[in-house]
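Residue numbers (the numbering used here): 789 to 908. Positions of the beta carbon are idealized from the N, C-alpha and C atoms, including for glycine. Note that the coordinates shown come from a computational prediction; the quantities given were computed from them, not determined experimentally. Data first, discussion second: the structure below is written as structure tokens.
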């Protein structure tokens, strides 16, 4: 029987306990300190996403200095270039703030239309 244990403290499960959880014999305590080898991270897409998140964090940290420099220089071209790079890291290649906003508005409209039509 796979039971979730509740503990009042955050702690690191022992290696033996992690092995038992990996083979579904005993669950890991909840909450717990998450580590890179935690069973919750065995999914390849999740790992890939976490690795991309690390790369994006590094890019954003490096852009921080350039944002400050561009703002102080008051050069419109520098500000636009840095803003475009920030948007590429935040939203993905080729996605502009305007296209992101348009997507969110359209998604919200479809959501509202669905709920209005289901109420009829």
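| Query | Result |
| --- | --- |
| For residue 793, three-class secondary structure by DSSP | Residue confidence for residue 793 is low, a pLDDT of 48 falling below 50, so the modelled location carries little weight; the figure read from the coordinates is stated next. Correct three-state label for residue 793: coil. |
| Under 7 Å between C-beta atoms of residue 801 and residue 822 | no |
| Contacts around residue 905, its chain only, beta-carbon distance under 8 Å, and the 5 residues preceding and following it disregarded | none |
| C-beta contact flag for residue 848 and residue 877 at 7 Å | yes |
| Beta-carbon contacts of residue 810 that lie in its chain and below 6 Å, excluding the five residues immediately before and after | 827 |
| Three-state secondary structure assigned by DSSP to residue 820 | coil |
| Per-residue DSSP class, three states only, for residue 801 | coil |
| Test item: CB-CB of residue 873 and residue 900 under 7 Å | no |
| Cβ neighbours of residue 888 in the same chain (closer than 6 Å, five flanking residues each side left out) | 879 |
| Under the three-state DSSP convention, the category residue 863 falls into | coil |
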